[in-house]
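Encoded as structure tokens, the structure appears first; notes follow it.
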Amino acid sequence: MQAIAEADAPRSWPNAIVAHIDLSLGAEACAKSIAAHKAAGANLRGIRDNLSWVPDKAISLCAAKEEHMSRLPAFRAAFALLASAGLSYDAWLYHEQLPDLTDLAAAFPGTTIICDHVGQPLGKAPYEPAQVFPVWQERMRMLAQHKNVYVKLSGLGMAGVGLGFDQGAVPP
């Protein structure tokens, strides 16, 4: 990773770094973390933080600290620093948090947001894919109205999506 961080002009993949910063710690902590990451290498391009939250912790690989974290004032104060620092925001979340991400995109139209894992529609009990899919689909339509949002096509093989890819003898 350090080689990527320090490369003058990377010519192959990967060629940039998206680092984790806990935005719920607020603007001051975020500013210090951004400065430290940039000092470590010139190829920092974005920040990733976890918004995924469900009441049943058995479903979540790594849950956010609390529900609706992106609506907290400290989170938003830190988030406000990203655009001026030239950084995008990668959000790992479940379909339950898509309205929160849509609200964040509307509040910060100058910040590029990447919705990781196609907004991860949950399909593992107690969630039923037939009930979740139309909800996820409508929420993705709402999110797509914001020109500062991109969707990362990944994560559909994760167990929580419930498509069964994790159950095969050979991974996909």
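Using UniProt numbering, the first residue of the sequence shown is number 1, and each one after it goes up by one.
Backbone N, C-alpha and C fix where the C-beta goes; we use that ideal spot for every residue, glycine too.
Keep in mind it's a predicted model, so treat the numbers as computed, not measured.
Report task. Let me know the secondary structure DSSP gives G160 once reduced to three states. Result -> helix
Requested in this report: Grab me the residues of R48's own chain with a C-beta within less than 6 Å of its C-beta, minus the 5 sequence neighbours each way, in chain order.
Outcome: V18, H20, D90
Query - Minimum C-alpha distance to E96 - residue among P14, N15, D56 - result: D56
Report task. Out of P126, L156, G110, G123, state which residue places its alpha-carbon closest to the alpha-carbon of A83. Result -> G110
Requested in this report: Decide if A36 is buried, meaning its Cβ has at least 16 other Cβ atoms within 10 Å, or exposed.
Outcome: exposed
Query raised in the report: In or out: F75 buried (at least 16 other Cβ within 10 Å) or exposed?
Result: buried
Requested in this report: Kindly indicate which residue of S24, Q137, L163 has the alpha-carbon position closest to the one of H68.
Outcome: Of the listed residues, the one whose Cα sits closest to H68 is S24.
Query - Whether I59 touches K152 by CB criterion (7 Å) - result: Against a cut-off of 7 Å, the Cβ pair of K152 and I59 comes out as no contact.
**Report entry** Whole-number beta carbon distance between N148 and A105, since they are thought to touch under 8 Å
**Finding:** 6 Å
**Report entry** Reduced DSSP secondary structure (H/G/I, E/B, other) of V18
**Finding:** strand
**Report entry** Given Q120 as reference, the closest of A159, S33, S12 once Cα atoms are compared
**Finding:** A159
Query - C-beta contact flag for A78 and A27 at 7 Å - result: yes
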